[in-house]
Amino acid sequence: TKVLSGEARRGSGTSPMSDQIGLQHSFLAAQAAGMTVSLTQTAEDVMFAGQIELQTATSSTAVADEMREQDLAQFPNDLHICCIDDSAAARRLLHFNLTQWGRTENVHIFGKDETEASEFVRKTVAVGRIAILDQHLEYGGESSLLGTDLVELLVAKQFQGLICMRSGNASAHDMAKYRNAGAHCIFGKDVSMRKMIEDMKVAYVRHVSDSALRLEEVIHMSHSSALPFSPMELVAWDD
2 TKVLSGEARR GSGTSPMSDQ IGLQHSFLAA QAAGMTVSLT QTAEDVMFAG QIELQTATSS
62 TAVADEMREQ DLAQFPNDLH ICCIDDSAAA RRLLHFNLTQ WGRTENVHIF GKDETEASEF
122 VRKTVAVGRI AILDQHLEYG GESSLLGTDL VELLVAKQFQ GLICMRSGNA SAHDMAKYRN
182 AGAHCIFGKD VSMRKMIEDM KVAYVRHVSD SALRLEEVIH MSHSSALPFS PMELVAWDD
């Protein structure tokens, strides 16, 4: 006991081969770590044991993964998704993959020529819940449009859904420009379609949740201040 407690004097043992300092140091280290130690002997075998209580903690990565899976499970079926891209191949890929992985048959594709830009905006505002836009819509000569211009139109028309930019131009400067226009999420064209669609689902669920919280705050404010519209009008506007 004195050895384990560190109270034994150096050289006080009967063995000329041990000064017991090793055991005392082991005890002091265990004590500093909050361990319970024991020393037992059975015949010629001596066993030194230490016990410590540990608590496992869920890593931040595991928490984030669990939240992502919950968001993916909450993504609704049959949402209207409107896309515009000047590339015929990109349009085909968007339609095929959104239909396969986006859990919807309501995929509306635009961008064959410049006249479809206005159709895209009208359809998106009318029925869309998610909009996916290319940045550079080029049709030869002066017939070119910017996706950010269309994003600004959607915002001006009070589109409440998720706005996604999908562009080959995804530098920090480009992404800042897209966000300033009103885009909620940005995907480079080097991102696989399946990964993009999964990220889009998560972004949509969180966007809807954030929008609902903001609406609740505005309705709460309407009870304490004179707003020019009623809570019921707000609900209709948000829908």
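In this text, residue positions in the sequence shown follow our numbering: the first is 2, and each later residue adds one.
Virtual Cβ for every residue (Gly too), placed ideally from N, Cα, C.
Answer with buried or exposed for residue i, where buried requires no fewer than 16 other C-beta atoms within 10 angstroms of its C-beta.
| i | result |
| --- | --- |
| residue 80 | buried |
| residue 160 | buried |
| residue 87 | buried |
| residue 34 | exposed |
| residue 131 | buried |
| residue 47 | exposed |
| residue 202 | buried |
| residue 234 | In this prediction, residue 234 has a pLDDT of 43, which is less than 50 and means its spatial position is unreliable; what the coordinates show is noted afterwards. Residue 234 should be labelled exposed. |
| residue 184 | buried |
| residue 164 | buried |
Pull up the DSSP beta-bridge partners for residue i, would you.
| i | result |
| --- | --- |
| residue 206 | Answer by DSSP bridge pairing: none, since residue 206 is not bridged. |
| residue 200 | Answer by DSSP bridge pairing: none, since residue 200 is not bridged. |
| residue 114 | Residue 114 is not bridged to any residue. |
| residue 108 | 82 |
| residue 42 | 47 |
| residue 145 | 139 |
| residue 189 | 168 |
| residue 243 | Lying outside 2 to 240, the shown extent of the chain, residue 243 is not represented and no answer is given. |
| residue 132 | 83, 164 |
Give the straight-line distance between the Cα atoms of residue i and residue j, rounded to the nearest whole angstrom.
| i | j | result |
| --- | --- | --- |
| residue 140 | residue 120 | 16 Å |
| residue 27 | residue 65 | 40 Å |
| residue 83 | residue 110 | 6 Å |
| residue 209 | residue 178 | 23 Å |
| residue 103 | residue 197 | 10 Å |
| residue 241 | residue 192 | Because the chain in this structure spans residues 2 to 240, residue 241 falls outside the shown range and cannot be described. |
| residue 70 | residue 37 | 41 Å |
| residue 186 | residue 101 | 21 Å |
| residue 242 | residue 106 | This structure gives no information on residue 242, because the portion of the chain shown stretches from 2 to 240. |
| residue 49 | residue 62 | 38 Å |
| residue 228 | residue 212 | With a pLDDT of only 49 at residue 228, under the threshold of 50, the placement of this residue in the model should not be trusted; the figure read from the coordinates follows. Answer to the nearest angstrom: the Cα atoms are 19 Å apart. |
| residue 108 | residue 99 | 7 Å |
| residue 116 | residue 89 | 15 Å |
| residue 114 | residue 144 | 9 Å |
| residue 142 | residue 172 | 26 Å |
| residue 123 | residue 68 | 34 Å |
| residue 237 | residue 180 | For residue 237, the predicted model reports a pLDDT of 41, less than 50, meaning its position is unreliable; a value from the coordinates is still stated below. Taking the straight line from one Cα to the other gives about 26 Å. |
| residue 174 | residue 78 | 34 Å |
| residue 25 | residue 56 | 27 Å |
| residue 54 | residue 44 | 30 Å |
| residue 91 | residue 188 | 14 Å |
| residue 29 | residue 41 | 18 Å |
If you measure between the beta carbons of residue i and residue j, is that distance less than 8 Å?
| i | j | result |
| --- | --- | --- |
| residue 118 | residue 95 | no |
| residue 138 | residue 148 | yes |
| residue 162 | residue 190 | no |
| residue 72 | residue 195 | no |
| residue 166 | residue 136 | yes |
| residue 153 | residue 127 | no |
| residue 31 | residue 51 | yes |
Pop quiz: residue i and residue j are said to be a contact at Cβ under 8 Å. What is the actual Cβ separation, rounded to whole angstroms?
| i | j | result |
| --- | --- | --- |
| residue 85 | residue 112 | 4 Å |
| residue 155 | residue 125 | 6 Å |
| residue 76 | residue 205 | 6 Å |
Consider the C-beta atom of residue i and the heavy atoms of the ligand FMN; say whether any pair is separated by less than 7 Å.
| i | result |
| --- | --- |
| residue 91 | Because no ligand of any kind appears in the structure shown, any question about the ligand FMN cannot be addressed here. |
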